[in-house]
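Some notes on the structure that comes next.
2 protein chains.
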Amino acid sequence: MDLADRFRGKRCLITGGLGFIGSNLAERLSGYGAWVTVVDSLIEGYGGNLFNVESIKDRVRINISDVRDQSSTNWLVRGQDYLFNLAGTLSHIDSMTDPFTDLEINCRSQLSILESCRKFNPAVKVIFSGTRGQYGRAQYLPVDEKHPLCPTDTNGINNTAGEWYHILYNNVYGIRAVSLRLTNVFGPRHQMRHSRQGYLNWFVRLAIDGEKIQIYGDGAQLRDFNYVDDVVEALLLAGAVDSTNGEIYNLGSGAPVSVVDSARAVLEAAGTGQLDQVPFPEEKKKIEVGDYYADFGKFKQVTGWEPRVSFPEGLRRTVKYYRKNKEQYW
Amino acid sequence: MDLADRFRGKRCLITGGLGFIGSNLAERLSGYGAWVTVVDSLIEGYGGNLFNVESIKDRVRINISDVRDQSSTNWLVRGQDYLFNLAGTLSHIDSMTDPFTDLEINCRSQLSILESCRKFNPAVKVIFSGTRGQYGRAQYLPVDEKHPLCPTDTNGINNTAGEWYHILYNNVYGIRAVSLRLTNVFGPRHQMRHSRQGYLNWFVRLAIDGEKIQIYGDGAQLRDFNYVDDVVEALLLAGAVDSTNGEIYNLGSGAPVSVVDSARAVLEAAGTGQLDQVPFPEEKKKIEVGDYYADFGKFKQVTGWEPRVSFPEGLRRTVKYYRKNKEQYW
Chain A
1 MDLADRFRGK
11 RCLITGGLGF
21 IGSNLAERLS
31 GYGAWVTVVD
41 SLIEGYGGNL
51 FNVESIKDRV
61 RINISDVRDQ
71 SSTNWLVRGQ
81 DYLFNLAGTL
91 SHIDSMTDPF
101 TDLEINCRSQ
111 LSILESCRKF
121 NPAVKVIFSG
131 TRGQYGRAQY
141 LPVDEKHPLC
151 PTDTNGINNT
161 AGEWYHILYN
171 NVYGIRAVSL
181 RLTNVFGPRH
191 QMRHSRQGYL
201 NWFVRLAIDG
211 EKIQIYGDGA
221 QLRDFNYVDD
231 VVEALLLAGA
241 VDSTNGEIYN
251 LGSGAPVSVV
261 DSARAVLEAA
271 GTGQLDQVPF
281 PEEKKKIEVG
291 DYYADFGKFK
301 QVTGWEPRVS
311 FPEGLRRTVK
321 YYRKNKEQYW
Chain B
1001 MDLADRFRGK
1011 RCLITGGLGF
1021 IGSNLAERLS
1031 GYGAWVTVVD
1041 SLIEGYGGNL
1051 FNVESIKDRV
1061 RINISDVRDQ
1071 SSTNWLVRGQ
1081 DYLFNLAGTL
1091 SHIDSMTDPF
1101 TDLEINCRSQ
1111 LSILESCRKF
1121 NPAVKVIFSG
1131 TRGQYGRAQY
1141 LPVDEKHPLC
1151 PTDTNGINNT
1161 AGEWYHILYN
1171 NVYGIRAVSL
1181 RLTNVFGPRH
1191 QMRHSRQGYL
1201 NWFVRLAIDG
1211 EKIQIYGDGA
1221 QLRDFNYVDD
1231 VVEALLLAGA
1241 VDSTNGEIYN
1251 LGSGAPVSVV
1261 DSARAVLEAA
1271 GTGQLDQVPF
1281 PEEKKKIEVG
1291 DYYADFGKFK
1301 QVTGWEPRVS
1311 FPEGLRRTVK
1321 YYRKNKEQYW
């Protein structure tokens, strides 16, 4: 499928569009000649950053608003061909310390966005991003979409409700929707000011700064990383065809890496920093989910998607981006 | 297990305590010599009715408040040994026409109640009532707890989130909690003013009034009915032992009945009314989930529970109750 052809001239709304994945997607869509509107609340610490769209700022419409505000989403969804619904909090820790904010954004706002679509643009196609946190501890590996959902934090519960509203609105109201359950995504444009949204980009910062990368315990737990460009490709493919409507798909790498090996790969890509193994902190143990890697065969079968950027290559590009733009992210 | 022994002198809080199941439970607990507080918002049409506790009104504390009000739940949970957390909306249709209210009550309030417990009474044991609506259309029968969850309405999604918060708080904070996924429950004290909370009690009203009972299509879909006294017994057993903590259990009858046969049984119990088969309405088709009956073997194994009141006997008791107290429910 020629994605450029598919999205040229199309109107695309991206919630969370100033954030990590949203801004990478905006850049790609803008390059295809799509009419892109990015929506972001720029809440401190969530990952939205105006610099993320610096290179395309004259070609995209930037709308600062919060997905919790139904009045603005009522207006913003009108006339859009695609809604890439990526706004959400990602922090497992934050979701436990402030569960209500997590609920408002990841659960209630999703319902509210879908109601906006139902009322003002039922022809839109919605691409939702779920998370591997919905599965909780893996009962078997690799995790496919039939694996039971047993979230181990509030974030996983609220994301599941948010995802299911999409499938429900697809089935009952015909608002075409698809969900991709993302695994650990890394790459340029991720916020670099705290480690609460996933550890790999934080490791990149520590390495660039020549600091110690702390590994809890032996760091043998397996993780499944996707470079952000591959995830952007997957979101576009999921949006491009109607055979994905009402479906839920895993993404994954096909090549899981242990936490300690991922740290070593970061250190190698950066050429600076060092490893520091420490005992596992108690409060992190409670929500540590063990080995995880996904079977993305269902999505590959429908769209042909598979990751193209290797883990070391992705890390090299990431380090290069942040070395060049450090002052925008540190 | 001697439940009277177990609950005598215990402090029990029942949310939704003026409603159908809650008030039947309150009566049983009060008879055991427990200190019962019933909490209910008495929202029009939800099922709360002061007459439901008329026979025990001098022995229970009645607190009119809404579970959405965290300030009152903060106070009410203090000092309680057991929290039977039954407040919730039950209407599939209402959950689609007003999804936000369903979310506030079935999802957000559950988180809020658990936060109240975490802060002011972490030693309480919480018994939550889930629903067969969490499963959606049965992919196999009987439905056990490993069956995938695919809710076909907002109510099923929000109930799932509400249930999972309970399991999460059990696992992470040690707030002991158990969920029973109820199937169709019938019996005395159910509201009788509309049919949006399940059809069987509505059939009882129609039969008592000598009216026609409408069956959509052939009425061959199977349903799984529990008489309310059996459900009360199950809630008490789930609360009584710590081996249920963090677990989810189905209830069921072991003897599914078709919709049309359930109507015939109602007509027989009442001795009045008649059957009327009509075409299936379109908007009901969309959320009709087909045959359903549950495997309750997991719960039976842990507690020994099984239903004691047969379907015809339950219907006779139900008809008798409403014939005697018609003016309180019609």
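Those sequence lines, one after another, are chains A and B.
Heads up: the first sequence begins at 1 in my numbering, then just goes up one per residue.
Heads up: the second sequence begins at 1001 in my numbering, then just goes up one per residue.
The beta carbon of each residue, even a glycine, is placed where N, CA and C say it ideally should be.
Query                                                                                                                                                                                         : Result
Would DSSP call Y173 (chain A) helix, strand or coil?                                                                                                                                         : helix
Any beta carbon of chain A sitting closer than 8 Å to that of F1100 (chain B)?                                                                                                                : yes
In chain A, which residues lie with their C-beta within 7 Å of the C-beta of R1108 (chain B)?                                                                                                 : L103
Let's see if you can read the secondary structure: which residues bound the beta strand (DSSP E) around N1085 (chain B)?                                                                      : Y1082 to N1085
In angstroms with no decimal places, state the Cα-to-Cα distance between R317 (chain A) and F84 (chain A).                                                                                    : 25 Å
I'd like to know whether the C-beta atoms of T89 (chain A) and N63 (chain A) end up nearer to each other than 8 Å.                                                                            : no
Verify whether the separation of the beta carbon atoms of Y135 (chain A) and H147 (chain A) is less than 8 Å.                                                                                 : yes
Is V1309 (chain B) closer than 8 Å to V1266 (chain B) when the C-beta atoms are compared?                                                                                                     : no
Exposed or buried, K125 (chain A), counting other C-beta atoms within 10 Å across all chains shown (16 or more means buried)?                                                                 : buried
When you compare the CB of L180 (chain A) with every CB in chain B, is at least one pair closer than 8 Å?                                                                                     : no
Go through its chain and collect everything with a Cβ distance to G314 (chain A)'s Cβ below 7 Å, but skip five positions before and after it.                                                 : F186, G187 and Y227
Any idea if G1047 (chain B) is buried or exposed, counting beta-carbon neighbours within 10 angstroms, 16 or more meaning buried?                                                             : buried
Whose Cβ in chain A lies nearer than 8 Å to the Cβ of I1157 (chain B)?                                                                                                                        : A161, W164, Y165 and L168
Three or more C-beta pairs under 8 Å: does that hold for the region 166–176 of chain A against the region 113–130 of chain A?                                                                 : yes
In the region 1133–1152 of chain B, which residues sit with their C-beta less than 9 Å from some C-beta in chain A, listed in chain order?                                                    : K1146, P1148, L1149, C1150, P1151 and T1152
Do you know how far the Cα of G1304 (chain B) is from the Cα of T183 (chain A)?                                                                                                               : 42 Å
Which residues in chain B have a C-beta closer than 8 Å to the C-beta of T154 (chain A)? List them in chain order.                                                                            : L1111, Y1165 and L1168
Residues in its own chain within less than 7 Å of V319 (chain A) by CB, not counting five upstream and five downstream?                                                                       : V204, I208, A269 and A270
Closer than 8 Å is the cut-off here; do at least three beta carbon pairs connect the region 1003–1015 of chain B with the region 1067–1087 of chain B?                                        : yes
Using the three-state DSSP reduction, which class does C1012 (chain B) fall into: helix, strand or coil?                                                                                      : strand
Where does D1040 (chain B) sit, in a helix, a strand or coil, going by DSSP?                                                                                                                  : strand
Could you name the residues of the same chain whose beta carbon sits closer than 6 Å to that of Q1328 (chain B), not counting the 5 residues immediately before and after it, in chain order? : F1051
In terms of residue numbering, what span does the beta strand (DSSP E) encompassing L61 (chain A) cover?                                                                                      : It is worth fixing the name first, because residue 61 (chain A) is Arg in this sequence and not Leu. Counting along the chain, the beta strand (DSSP E) containing R61 (chain A) begins and ends at V60 to I64.
Buried or exposed: where does Y1293 (chain B) fall if 16 or more other Cβ atoms within 10 Å of its Cβ makes it buried?                                                                        : buried
Which runs of the alpha helix (DSSP H), 4 residues or longer, sit entirely within the region 229–312 of chain A?                                                                              : 259–270, 282–285 and 297–303
Evaluate T37 (chain A) with the Cβ neighbour count: other Cβ atoms within 10 Å of its Cβ, from every protein chain shown; 16 or more gives buried, anything less gives exposed.               : buried
Taking the beta carbon of G1273 (chain B) as the centre, do at least 16 other beta carbons fall within 10 Å, making it buried, or is it exposed?                                              : buried
Closer than 8 Å by C-beta to N74 (chain A): which residues in its own chain qualify, once you throw out the five before and the five after it? Chain order, please.                           : S116, K119 and F120
Flag this pair as yes or no: are the beta carbons of L103 (chain A) and N158 (chain A) separated by less than 8 Å?                                                                            : yes
Count the other CB atoms within 10 Å of the CB of W1035 (chain B); is the residue buried (16 or more) or exposed (fewer)?                                                                     : buried
Once DSSP output is grouped into helix, strand and coil, what is the label at W330 (chain A)?                                                                                                 : coil
Could you give the residue range of the alpha helix (DSSP H) that holds K146 (chain A)?                                                                                                       : Looking at the DSSP string, K146 (chain A) is not in any alpha helix (DSSP H), and its letter there is neither H nor E.
Take L29 (chain A) as the anchor and find which of A:V53, A:N49 and A:L42 has the nearest alpha-carbon.                                                                                       : A:V53
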